[in-house]
Amino acid sequence: MRHYETMFIIKPTLTQEEIEAKIELFKQAIIKNGGDVVACFDMGMRTLAYEVKKHKRGYYYVFYFKAPSTLIVELERLYRINEDIIRFIVIKYESKKEQNAWNALVEQTKQTKATKAETSAQAVVH
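Each residue of the sequence shown is one higher than the last, beginning at -2 in this note's numbering.
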C-alpha cells in the first residue's frame, strides 16, 4: 500500500449536513476500494486565491490515507463527476523521505485534533 494525501474543495453554497455527507462519501469510497484512512483534517471555509467556477470561497478538507494505486483512478473519477467539488488534488508519497514527511503530517494532524478536542471540552466545563 502506498501513502497518499488528497485535498478537495467543496462549494460554499452547501449546508453543513451536505458538506459532511460529501466528506463521508469520499471517505467510504477510499475504504470500499481497499484504502485505509489514517487521518483527516478539516480546514473549514476559506477564501480562494482566485475565483474558481464563479466561487470566491470554498470548504477545504484533507485525507491522509494508505491505498493501492488502483484506488486513485476511482477517487479522481468520483471527484470529477461530483458537481459540488470545485477543485481536488491527490499527492503520492513515494520515497522514504516523503513517507517520513507523510507520517509527520499525520502525527501533526492528530495532535491538532486532540488539542482542539481538549480546548472544546474545557470550554464546555467552564
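Note that CB positions come from ideal geometry on N, CA and C, so glycine has one too. This one's a predicted model, so the numbers in the text were calculated from it and none came from an experiment.
- Query: If R43 sits next to Y57, beta carbons under 8 Å apart, how far is it from one beta carbon to the other, in whole angstroms?
  - Reply: On the sequence shown, position 46 is the one that residue 43 refers to. On the sequence shown, position 60 is the one that residue 57 refers to. Contact holds; Cβ gap of about 6 Å.
- Sort I82, I69, D33, V87 by Cα distance to V49 and report the nearest one. As a position in the sequence shown, residue 49 is number 52, starting the count at 1. That would be I82, whose Cα lies nearest to the Cα of V49.
- Query: Which one or two residues does DSSP pair with I6 in a beta bridge?
  - Reply: Taking the sequence shown and counting its residues from 1, the one referred to as residue 6 is at position 9. Answer is Y57, R84, bridged to I6.
- For R(-1), which beta-bridge partners are listed by DSSP? The sequence position of residue -1 within the sequence shown is 2, counting from 1. Looking at the DSSP assignment, R(-1) forms a beta bridge with A64.
- Message: Please report the distance separating the alpha-carbon of L45 from that of A26.
- Response: Mapped onto the sequence shown, residue 45 falls at position 48. Mapped onto the sequence shown, residue 26 falls at position 29. Roughly 26 Å between the two C-alpha positions.
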